[in-house]
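Residue numbers for the sequence shown follow my numbering, beginning at 38 and rising by one. Each residue gets a CB set at the ideal place from its N, CA and C atoms; glycine is no exception.
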Amino acid sequence: MSTRIPTRRAAGPAASRTGRLLSWLAPLLTVGGLIALWQGYVRWHEVDPIVLPAPTDVANALWRDRELLLTATEHTLLVLLLGLVAALALGTLCGIALHRSPALRRALEPLLVGSQAVPIPILAPLLVVWLGFGLTPQLVLVVVVAFFPVAVATRDALAGLSPETALVLRNLGATPAQRLRLVELPGALPGILTGVRLAVVFAVIGAVFADATGQSATTAADPTSSGGLGRIVADAVPQLQTDRAFAAIVLLVALSLALFWSLGGVERRLDRRSSPSLPI
38 MSTRIPTRRA AGPAASRTGR LLSWLAPLLT VGGLIALWQG YVRWHEVDPI VLPAPTDVAN
98 ALWRDRELLL TATEHTLLVL LLGLVAALAL GTLCGIALHR SPALRRALEP LLVGSQAVPI
158 PILAPLLVVW LGFGLTPQLV LVVVVAFFPV AVATRDALAG LSPETALVLR NLGATPAQRL
218 RLVELPGALP GILTGVRLAV VFAVIGAVFA DATGQSATTA ADPTSSGGLG RIVADAVPQL
278 QTDRAFAAIV LLVALSLALF WSLGGVERRL DRRSSPSLPI
């Protein structure tokens, strides 16, 4: 019995490292295989690069237009981060209010659900008409599309908490604000981050549509005006610069995955901290 315990403890870190290695290798091999198939299909069938550029053409465009793409990526990242921070703050407050007040939940939930029924391609130009060109309509659209997942995740995470600890604090005379700060928000934080991870995907879509709708409309009047990756895609396709459009799309995907995985790492760390450590 005494000889098995060290063996099990020694095998644990090795198994964990193997699992982490496989979790990285699996998506890399999948993406690599898809890129190889893409490259082979384009070369074998001699597809026109205007219709579908090969991965090598996209890589060349990434290097050739690196300064333009870097500036656009910085713009899109700024819009995403500012919009997500605002959506996180507003969505969390709304989720807390929905959890605390059943009457408010019944009044606001139809409006929240109905707001998500408006397609982004329709909402983006309306925001440009109402708010003008520039950064403001982009930020508003990101907040609108990212707000709902955060609010719903916050409400559900708070509703799923065990009421015993809050009941003890209530019996000890803790105020609702103290219970929220000491128990409810820390316990609900992993669930809130799950909603934020989903919001990242919607936020990227919203930022691209707002950027393409608002910024590309000003290109003729001011060709040097700054814009994000959405503008590059919107401008490159009519000019038959498909490789540049694909390069911008690759950067959008990379940006989304980086934000999504970063939040996932924070969520897993919070889960480990909140999980009780069991003796072996």
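1. For Pro-158, which residues from the same chain have a beta carbon less than 7 angstroms from its beta carbon, with the 5 sequence-adjacent residues on both sides left out?
2. Is it true that the CB of Pro-186 sits closer than 9 angstroms to the CB of Phe-239?
3. Helix, strand or coil for Asp-85 per DSSP?
4. For the region 107-122 and the region 265-274, state whether three or more C-beta atom pairs, one from each stretch, are separated by less than 8 angstroms.
5. Do you know whose CA, among Ala-282, Val-290, Leu-65, lies nearest Val-94's CA?
6. Less than 9 angstroms between the C-beta atoms of Ala-203 and Arg-218, yes or no?
7. Can you tell me whether Leu-213 is helix, strand or coil according to DSSP?
8. Express the C-alpha separation of Gly-171 and Pro-19 in angstroms, rounding to a whole number.
9. Express the C-alpha separation of Asp-85 and Val-189 in angstroms, rounding to a whole number.
10. Flag this pair as yes or no: are the beta carbons of Glu-146 and Arg-234 separated by less than 9 angstroms?
11. Are the beta-carbon atoms of Arg-306 and Pro-213 separated by less than 9 angstroms?
12. Using 8 angstroms as the threshold, is the region 267-277 in touch with the region 99-110, meaning 3 or more CB pairs across them?
13. Helix, strand or coil for Ala-284? Go by DSSP, reduced to three states.
14. How would you call Asp-248, buried or exposed, if buried means at least 16 neighbouring beta carbons within 10 angstroms?
15. Over the uninterrupted alpha helix (DSSP H) stretch that includes Glu-111, give me the two end residues.
16. Nearest-angstrom Cα distance between Ala-98 and Gln-278?
17. Going by beta carbon distance, what residues of the same chain come within less than 6 angstroms of Gly-132, once the five residues before and after it are set aside?
18. According to the Cβ coordinates, are Ile-229 and Ala-194 closer than 9 angstroms?
19. Quick one: grab the DSSP three-state call for Ser-299.
20. Evaluate Ile-87 with the Cβ neighbour count: other Cβ atoms within 10 Å of its Cβ, from every protein chain shown; 16 or more gives buried, anything less gives exposed.
21. Can the beta-carbon of Trp-81 be found less than 9 angstroms from the beta-carbon of Pro-92?
22. Taking only three categories from DSSP, how would you classify Pro-275?
23. Quick check on the DSSP output: the alpha helix (DSSP H) that includes Ala-188 runs from which residue to which?
24. Quick one: Cα of Thr-55 to Cα of Trp-61, how far?
25. Using the beta-carbon count (16 or more within 10 Å), is Arg-309 buried or exposed?
26. Helix, strand or coil: which one does DSSP assign to Pro-90?
27. Distance, Cα to Cα, Ala-123 vs Arg-142?
According to the data block:
1. Excluding residues up to 5 positions away in sequence, Phe-246 lie with their Cβ nearer than 7 angstroms to the Cβ of Pro-158 in the same chain.
2. Contact flag set, yes.
3. In the structure shown, Asp-85 sits in coil (DSSP, three-state: anything other than H, G, I, E or B).
4. Short answer: they touch.
5. Strictly speaking, residue 94 in this sequence is Asp, with Val absent from that position. It is Ala-282.
6. no
7. Here the sequence assigns Pro to residue 213, which means Leu is not the residue at that position. Note: Pro-213 maps to helix in three-state DSSP.
8. Outside the shown range of the chain (38 to 317) lies residue 19, about which nothing can therefore be said.
9. 46 angstroms
10. no
11. no
12. yes
13. helix
14. buried
15. 103-137
16. 9 angstroms
17. Ala-188, Thr-191, Arg-192
18. yes
19. helix
20. exposed
21. no
22. Pro-275: coil per DSSP, three-state reduction.
23. 172-196
24. 10 angstroms
25. exposed
26. Look at Pro-90 here: in three-state DSSP terms it is coil, with no helix or strand label.
27. 21 angstroms
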